[in-house]
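Asks:
Number of protein chains: 2
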Amino acid sequence: MARANNVSVSEVVIDAAQLRTIVVETLVGNGATPADAEKQARILIEGDLRDQHSHGVRRLPVLVERLRRGLIVSAEEPTAEWRSDAVAVIDGHRGFGPVAAGVAISSITEKAETTGIALAAVHNSNHVGMLAPYVEDIAATGQIGIAFTTSEALVHPWGGTRAMVGTNPIGIAVPTDDEPLVVDLSTAAVSMGKVLDFAAAGRELPLGWAVDASGDATTDASAAAAGAISPFGGPKGYALGIALEVLVATLTGTALGTDVRGTLDTEEVATKGDVFLAISPRAIGGAAVLPGLAAYLASVRDSGRMPGDVSIPGDRARATRRARLEGGIPLFPGLWDRVRELHREVRVD
Amino acid sequence: MARANNVSVSEVVIDAAQLRTIVVETLVGNGATPADAEKQARILIEGDLRDQHSHGVRRLPVLVERLRRGLIVSAEEPTAEWRSDAVAVIDGHRGFGPVAAGVAISSITEKAETTGIALAAVHNSNHVGMLAPYVEDIAATGQIGIAFTTSEALVHPWGGTRAMVGTNPIGIAVPTDDEPLVVDLSTAAVSMGKVLDFAAAGRELPLGWAVDASGDATTDASAAAAGAISPFGGPKGYALGIALEVLVATLTGTALGTDVRGTLDTEEVATKGDVFLAISPRAIGGAAVLPGLAAYLASVRDSGRMPGDVSIPGDRARATRRARLEGGIPLFPGLWDRVRELHREVRVD
Numbered sequence: 006m007a008r009a010n011n012v013s014v015s016e017v018v019i020d021a022a023q024l025r026t027i028v029v030e031t032l033v034g035n036g037a038t039p040a041d042a043e044k045q046a047r048i049l050i051e052g053d054l055r056d057q058h059s060h061g062v063r064r065l066p067v068l069v070e071r072l073r074r075g076l077i078v079s080a081e082e083p084t085a086e087w088r089s090d091a092v093a094v095i096d097g098h099r100g101f102g103p104v105a106a107g108v109a110i111s112s113i114t115e116k117a118e119t120t121g122i123a124l125a126a127v128h129n130s131n132h133v134g135m136l137a138p139y140v141e142d143i144a145a146t147g148q149i150g151i152a153f154t155t156s157e158a159l160v161h162p163w164g165g166t167r168a169m170v171g172t173n174p175i176g177i178a179v180p181t182d183d184e185p186l187v188v189d190l191s192t193a194a195v196s197m198g199k200v201l202d203f204a205a206a207g208r209e210l211p212l213g214w215a216v217d218a219s220g221d222a223t224t225d226a227s228a229a230a231a232g233a234i235s236p237f238g239g240p241k242g243y244a245l246g247i248a249l250e251v252l253v254a255t256l257t258g259t260a261l262g263t264d265v266r267g268t269l270d271t272e273e274v275a276t277k278g279d280v281f282l283a284i285s286p287r288a289i290g291g292a293a294v295l296p297g298l299a300a301y302l303a304s305v306r307d308s309g310r311m312p313g314d315v316s317i318p319g320d321r322a323r324a325t326r327r328a329r330l331e332g333g334i335p336l337f338p339g340l341w342d343r344v345r346e347l348h349r350e351v352r353v354d
Numbered sequence: 006m007a008r009a010n011n012v013s014v015s016e017v018v019i020d021a022a023q024l025r026t027i028v029v030e031t032l033v034g035n036g037a038t039p040a041d042a043e044k045q046a047r048i049l050i051e052g053d054l055r056d057q058h059s060h061g062v063r064r065l066p067v068l069v070e071r072l073r074r075g076l077i078v079s080a081e082e083p084t085a086e087w088r089s090d091a092v093a094v095i096d097g098h099r100g101f102g103p104v105a106a107g108v109a110i111s112s113i114t115e116k117a118e119t120t121g122i123a124l125a126a127v128h129n130s131n132h133v134g135m136l137a138p139y140v141e142d143i144a145a146t147g148q149i150g151i152a153f154t155t156s157e158a159l160v161h162p163w164g165g166t167r168a169m170v171g172t173n174p175i176g177i178a179v180p181t182d183d184e185p186l187v188v189d190l191s192t193a194a195v196s197m198g199k200v201l202d203f204a205a206a207g208r209e210l211p212l213g214w215a216v217d218a219s220g221d222a223t224t225d226a227s228a229a230a231a232g233a234i235s236p237f238g239g240p241k242g243y244a245l246g247i248a249l250e251v252l253v254a255t256l257t258g259t260a261l262g263t264d265v266r267g268t269l270d271t272e273e274v275a276t277k278g279d280v281f282l283a284i285s286p287r288a289i290g291g292a293a294v295l296p297g298l299a300a301y302l303a304s305v306r307d308s309g310r311m312p313g314d315v316s317i318p319g320d321r322a323r324a325t326r327r328a329r330l331e332g333g334i335p336l337f338p339g340l341w342d343r344v345r346e347l348h349r350e351v352r353v354d
């Protein structure tokens, strides 16, 4: 059983490797192949390691229920079909999102070494989780990685009163001499998970995060949970979010708006799509890493009043990740209890 | 001479076609070939037609001065070299930005019909102007268009005190049954042109648009003009902006941060880069336009309290453009005087 230190009344701290083992065993006990379970567990743990708990083991109960109901099927390998020289269509065969994403990434990073750029359009696959680890996997090959995905409609259009757009995140990783620059941002002002956390804690939301069921801006987290999240950055975030909604759906032949299902619920087949791009600077005759990039990034990091005021995208997530790999992952006790309960249900010892 | 109706003390209204002729003649009179002048003039007029005056004929005096000083050379055609199956490197030979962009777009839209996706990386080319017309050109071929470009460092990193990142815009166009969905947004909260307009009018800036020379948030437009613009949407806009800065520079082998020159000044060779992508839904076996897209976009347009509360990105710019093609382009009298003066200097009649 995992080491669980109570550090406060409100959280327990769990060792990352032990948490991963528990997640793998739980998924395997519910019908996942060990290889698939490892890939899915890695992505969940990465969410918690980077303090993106909305993509962490909080998702495990839904994944388990979806496995039990046949909404996630861990059997067939995802298939990649090259529909043109540089674009592959990936059929996830209703499997885990991270498994199809892995096939997508190995396909396009190999291809981009000759084509310079390659794109994978993924359909019939489950929730992919946070994007950073995927674009980091692409960057680890020396290529620039970009990822887009659609998700259930939780965000209202700018000027609109109800949820019609996914939180549609953008992932970008660019190799540097050191760790890559990594962007992983939702086009929503906040995650619904955080709104629910505020509601559970009885805390007020900052104005601008959400609207209520009538479409009025609200600071009441419970009212927001029944309403819609606002796009980040006002009309620009809305423009980006809906552009990605339409771009991903067009390239993957998947659903739009409120027809996107199966990323949060336990009732419906997943109808969202994912798009991954890999671009090889080497394959186009460029330097793998631009001369001067390290100096530029150092000067940006140094452009605040105090050290640490400015970070390069990816810095903070990496620092949190390192600290949690060392010191453990804090979880709400209720969640930890639920994870252990799911684990107990499948343990055979 | 152009029809110039005084509609108020603060603006004159100029016919778009006549303004375009004046711009073309002015550029030709300063050494541009007629073909190049047409391409550059089109982009400037498109800026004014869409109420993006910071990309409009306001740029003409700088372009003329750059031509006179040999910083823009309108002689050699841009060259496109396919460095890999799906990536072309475009050398603009120090020519007009829109001319190199045109070569980039015709190259990649042709290529993407067999490769599915193609990318052009442009260097040694001048300011490209607003991105919407380029991605619209790609969408007009039935393909999805994406454009990124770097620009002079005017934006401070999130948490930073001074300008180190360009306003680095994103352009995206996705074909629909009707007009394309078109995003063209800067990763800055506002353009420096608008800050200067506020300063000239003695108006206060909204908080969050800019910082002063000390790096403190300011509502004083003159202080902001001596400081830096803020990224849009806080840390997310910064993350996007710097990711595009590094991505574009890496793929084009161009400059970073404060080394990006020659887009606003009249002293330096342009050192920025542009990246264009074309993706063909048809070439990957998909529908040119996703079934259900028209219904989705109609439902989004209809999701406000009142008709017109919600628009699809591109709607408003098109409406303004149509009105101005019909009724003329409003210009500040001082700018119009300057344009006429530049035109008079080259007229031979």
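Same order as they appear, the protein sequences are chains A and B. So the first sequence is residues 6 to 354, counted in this note's numbering. So the second sequence is residues 6 to 354, counted in this note's numbering. Cβ atoms here follow ideal geometry from the backbone N, Cα and C, with glycine treated the same way. Bear in mind the structure is a predicted one, so any value in this text is a computation, not a measurement.
Return the chain-ordered list of same chain residues with a C-beta closer than 7 Å to the C-beta of V2 of chain B, the five sequence neighbours on each side being excluded.
Replies: Not covered by the structure: residue 2 of chain B. The range shown for chain B is 6 to 354.
Asks: Label D279 of chain B either buried or exposed according to how many other C-beta atoms from any shown protein chain fall within 10 Å of its C-beta, with 16 as the threshold for buried.
Replies: D279 of chain B is buried by the Cβ-count criterion.
Asks: Measure how close the beta-carbons of L298 of chain B and T181 of chain B come, nearest whole angstrom, since I'm counting them as under 8 Å.
Replies: 6 Å
Asks: Considering only residues of the stretch 119 to 191 of chain B, which uninterrupted alpha helix (DSSP H) runs meet the minimum length of 4 residues and lie entirely inside it, listed in chain order?
Replies: Here the runs fully enclosed are 137 to 144.
Asks: Between the beta-carbon of A91 of chain B and the beta-carbon of G121 of chain A, is there less than 7 Å?
Replies: yes
Asks: State the Cα-Cα distance for the pair G102 of chain A and H132 of chain A, rounded to the nearest angstrom.
Replies: 5 Å
Asks: Select from the stretch 244 to 255 of chain B all residues with a C-beta closer than 7 Å to any C-beta belonging to chain A, and list them in chain order.
Replies: A244, L245, I247, A248, V251, L252, A254 and T255
Asks: Just reading off the beta strand (DSSP E) that D279 of chain A is part of, what are its end residues?
Replies: D279 to I284
Asks: For A7 of chain B and chain A, any beta-carbon pair shorter than 7 Å?
Replies: Low confidence applies here, because A7 of chain B scores a pLDDT of 44, under 50, leaving its location unreliable; read the following figure in that light. No, A7 of chain B does not count as interfacial toward chain A.
Asks: Measuring straight from C-alpha to C-alpha, what distance separates S227 of chain B and G309 of chain A?
Replies: 22 Å
Asks: Please look up how many angstroms separate the CB atoms of L256 of chain A and I284 of chain B, rounded, as I've assumed it's under 8 Å.
Replies: 7 Å
Asks: At what residue ranges does the stretch 233 to 296 of chain B contain a whole run of the alpha helix (DSSP H), taking only runs of 4 or more?
Replies: 240 to 257
Asks: Please work out which residues of its chain come closer than 8 Å, Cβ to Cβ, to V274 of chain B, disregarding the five sequence neighbours upstream and downstream, and give them in chain order.
Replies: Same-chain partners within the cutoff: L76, R99, R266 and G267.
Asks: Using 7 Å as the limit for Cβ to Cβ distance, is I113 of chain B near chain A?
Replies: no
Asks: Let me see if you follow: with CB-CB separation under 7 Å, is K199 of chain A close to chain B or not?
Replies: no
Asks: List the endpoints of the continuous beta strand (DSSP E) containing G97 of chain A.
Replies: V92 to G100
Asks: Determine contact between the stretch 113 to 127 of chain A and the stretch 44 to 60 of chain A, defined as no fewer than three beta-carbon pairs at a distance below 8 Å.
Replies: Contact between the stretch 113 to 127 of chain A and the stretch 44 to 60 of chain A is absent, with fewer than three C-beta pairs closer than 8 Å.
Asks: Using a Cβ-Cβ cut-off of less than 7 Å, give me the residues of the stretch 284 to 303 of chain A that come near chain B, in sequence order.
Replies: I284, P286, A288, I289, G290, G291, L295, G297, L298 and Y301
Asks: Measure how close the beta-carbons of L72 of chain B and Y301 of chain A come, nearest whole angstrom, since I'm counting them as under 8 Å.
Replies: Contact check for L72 of chain B and Y301 of chain A: beta-carbon distance about 30 Å, past the 8 Å limit, so the pair fails to qualify.
Asks: Residues of chain A with CB closer than 7 Å to the CB of K241 of chain B, please, in chain order.
Replies: Per Cβ cutoff of 7 Å: L190, F237 and G238.
Asks: Assign R208 of chain B to one of two classes, buried (16 or more other C-beta atoms within 10 Å of its C-beta) or exposed (fewer than that).
Replies: exposed
Asks: Between the stretch 68 to 86 of chain A and chain B, which residues of the former have CB atoms less than 7 Å from a CB of the latter, in chain order?
Replies: none
Asks: At a Cβ threshold of 7 Å, is V344 of chain A touching chain B?
Replies: no
Asks: Using a Cβ-Cβ cutoff of 7 Å, what residues of the stretch 318 to 343 of chain A are near chain B? List them in chain order.
Replies: P318
Asks: At a CB-CB cut-off below 9 Å, which residues of chain B make contact with M169 of chain A?
Replies: Y301, S304, V305, S308 and V315
Asks: Straight-line CA distance for L252 of chain A to L54 of chain A?
Replies: 30 Å
Asks: Which residue marks the beginning of the alpha helix (DSSP H) containing T38 of chain A, and which one marks its end?
Replies: No alpha helix (DSSP H) contains T38 of chain A, which DSSP labels as neither H nor E.
Asks: Establish whether the CB of D96 of chain A and some CB of chain B are separated by less than 7 Å.
Replies: no
Asks: Using only the alpha-carbon positions, how far apart do E30 of chain B and V351 of chain B sit?
Replies: 8 Å
Asks: Per DSSP, what kind of secondary structure is T224 of chain A in: helix, strand or coil?
Replies: coil
Asks: Listing by chain order, which chain A residues have their CB less than 7 Å from the CB of S89 of chain B?
Replies: T119, T120, G121, A288 and I289
Asks: Express the C-alpha separation of F281 of chain A and A42 of chain B in angstroms, rounding to a whole number.
Replies: 38 Å
Asks: Do we get a CB-CB distance below 7 Å when we pair L54 of chain A with the residues of chain B?
Replies: no
Asks: Is there at least one Cβ from chain B nearer than 7 Å to V391 of chain A's Cβ?
Replies: The requested residue 391 of chain A is not part of the displayed model; chain A covers only 6 to 354.
Asks: Is the beta carbon of H161 of chain B less than 7 Å from the beta carbon of A233 of chain B?
Replies: Contact flag set, yes.
Asks: For G97 of chain B versus N129 of chain B, is the C-beta distance shorter than 7 Å?
Replies: yes
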